[in-house]
Amino acid sequence: MKKILVLTIAMFSLLACSSDDENNLDPIIGTWYKFSQNGEEFGECEKKTTFTFSENGTYSITPYVTLNNECIIDGKDDGNWSNKSEGNYGIIPSGETEEAVAKIVFSNNNNTLTFTQENTIYKRK
């Protein structure tokens, strides 16, 4: 009986730890797609543009554009990001040394992010 009790306590302890770890992740971590700017929704092609922020502090962006009636990838960018606090995020593109700081507001239960300077909205994929 003691073994069952000890196993049960151990199992609940493990479950509690894993959910705490998930709750401590920065809300920016994940893949986001471009949705709108200044209240105007992007077309289907531009909505394929993704911004991925990884837990290890790196990011990548894959922009899509329409060219000659075709939706194509328009290059790719990556670099490092950091949370500066109070919704300010530092972004340093690869090959550069200067950090740009962007103000980001999360809404819709952290499923929508807005770059406030550009008024560009991304939604979680």
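Numbering of the sequence shown is given in my numbering, commencing with residue 145 and proceeding in unit increments.
Cβ coordinates follow ideal geometry from the N, Cα and C atoms, glycine included.
If residue i and residue j are in contact, beta carbons under 8 Å, what's the gap, nearest whole angstrom?
| i | j | result |
| --- | --- | --- |
| P237 | D218 | Rounded, the Cβ-Cβ distance is 15 Å, inconsistent with contact. |
| T210 | T193 | The pair is not a contact, with the Cβ atoms about 12 Å apart (cut-off 8 Å). |
| E199 | L169 | 7 Å |
Excluding five sequence neighbours on each side, which residues of the same chain lie with their C-beta closer than 6 Å to the C-beta of residue i?
| i | result |
| --- | --- |
| T196 | T175 and S204 |
I need the boundaries of the beta strand (DSSP E) containing residue i, first residue and last residue.
| i | result |
| --- | --- |
| F197 | T194 to F197 |
| K228 | D221 to S229 |
| L257 | T256 to F259 |
| N232 | N232 to P237 |
| T241 | From DSSP, T241 is part of no beta strand (DSSP E); its letter is neither H nor E. |
| C215 | E214 to I217 |
| F179 | G174 to Q181 |
Taking 7 Å as the limit between beta carbons, can you name the residues of its chain near residue i, skipping five residues before and five after?
| i | result |
| --- | --- |
| T241 | none |
| K267 | W176, Y177, F179, N255 and T256 |
Could you name the residues of the same chain whose beta carbon sits closer than 8 Å to that of residue i, not counting the 5 residues immediately before and after it, in chain order?
| i | result |
| --- | --- |
| Q181 | E262, N263, T264 and I265 |
| I235 | Y203, G223, N224, W225, E243, A244, V245 and A246 |
| G201 | N224, W225 and S226 |
| G187 | T210 |
| K228 | G234 and V245 |
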